[in-house]
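Take a look at the structure set out below.
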Amino acid sequence: MRLVPPPLWALLLLAVTYFLSLAPALDTLPVWQTRPIGLIVIVAALALMFWAIFQFRRADTQLLPNSETNNALVTNGVFAITRNPMYLGMVIFCIGGALWFGRPFMLLAPVLMFAVANFVFIPFEEAKMRRQFGEVFDAYTKRVRRWI
74 MRLVPPPLWA LLLLAVTYFL SLAPALDTLP VWQTRPIGLI VIVAALALMF WAIFQFRRAD
134 TQLLPNSETN NALVTNGVFA ITRNPMYLGM VIFCIGGALW FGRPFMLLAP VLMFAVANFV
194 FIPFEEAKMR RQFGEVFDAY TKRVRRWI
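Per the working numbering, residue 74 is the first one in the sequence shown, and the count goes up by one each step.
See below:
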């Protein structure tokens, strides 16, 4: 199912939108204003993703949802707020990248990352989780939203 892992999608989308934003007709924002905000947003995104990774490790289960050796459905901590903290972190990371470079056109990257995650990766992963964890996963999806 996955040719390009989701984190690489986020970086690829940032790179493509950055190079497209170099067109002379596209505006830029003063980076002295946007760079500190971008850094804060990037750090927050990384913290969210590492929090999720920490919870997977603590539950002694696999990080990759398509792994056959997943042995636990993590529903506490950040997973009690969003079912997809890793993807949410990637979208937020893309927002931070756009702010860091001060290029409004790059705000297309988080929109595209959201679309790829929401319509390609998440449905595939949720179908796998539903097969593996059944009613427990269904109850979790009723309790916790896909994003926030």
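Built from N, CA and C at the ideal position, the CB exists for glycine as well.
Fair warning: this is a prediction, and the values are worked out from it, not measured in the lab.
Do Ile221 and Thr148 come within 7 Å of each other at the CB atom, strictly closer than that value? In the sequence shown, counting from the first residue as 1, residue 148 sits at position 75. In the sequence shown, counting from the first residue as 1, residue 221 sits at position 148. For Thr148 and Ile221, no; Cβs fall outside 7 Å.
Nearest-angstrom Cβ-Cβ length linking Trp82 and Val164, presumed shorter than 8 Å: Position 9 of the sequence shown, counting from 1, holds the residue named residue 82. Position 91 of the sequence shown, counting from 1, holds the residue named residue 164. Rounded, the Cβ-Cβ distance is 11 Å, inconsistent with contact.
Are Ser94 and Phe152 close, meaning C-beta to C-beta below 7 Å? As a first step, residue 94 is located in the sequence shown; it is residue number 21 there, counting from the start. As a first step, residue 152 is located in the sequence shown; it is residue number 79 there, counting from the start. Contact annotation: Ser94 and Phe152 have beta-carbon atoms that are not nearer than 7 Å.
With H, G and I counted as helix, E and B as strand and the rest as coil, what does DSSP make of Leu172? To locate residue 172, count along the sequence shown from 1; it is residue 99. In this structure, DSSP gives Leu172 a helical state, which the three-state scheme calls helix.
Going by C-alpha distance, which of Leu185, Trp105 and Phe123 is nearest Leu84? Stepping through the sequence shown from its first residue, residue 84 is reached at position 11. Closest by alpha carbon: Leu185.
Assuming Pro182 and Thr90 are in contact, meaning their beta carbons sit under 8 Å apart, how far apart are those beta carbons, in whole angstroms? The residue labelled residue 182 in the question sits at position 109 within the sequence shown. The residue labelled residue 90 in the question sits at position 17 within the sequence shown. Note on residue identity: the sequence assigns Ala, not Pro, to residue 182. Rounded, the Cβ-Cβ distance is 4 Å, consistent with contact.
DSSP on Val238, reduced to helix/strand/coil? Residue 238 is absent from the model: the chain starts at 74 and stops at 221.
Taking the beta carbon of Arg216 as the centre, do at least 16 other beta carbons fall within 10 Å, making it buried, or is it exposed? Along the sequence shown, one-based indexing puts residue 216 at 143. With fewer than 16 Cβ atoms within 10 Å of its Cβ, Arg216 is classed as exposed.
Three Cβ pairs or more, each shorter than 8 Å: is that satisfied between the stretch 200-212 and the stretch 100-118? no
Helix or strand or just coil, what does DSSP make of Asp211? Along the sequence shown, read from residue 1 onward, the residue named residue 211 stands at position 138. Asp211 falls in the helix class under three-state DSSP.
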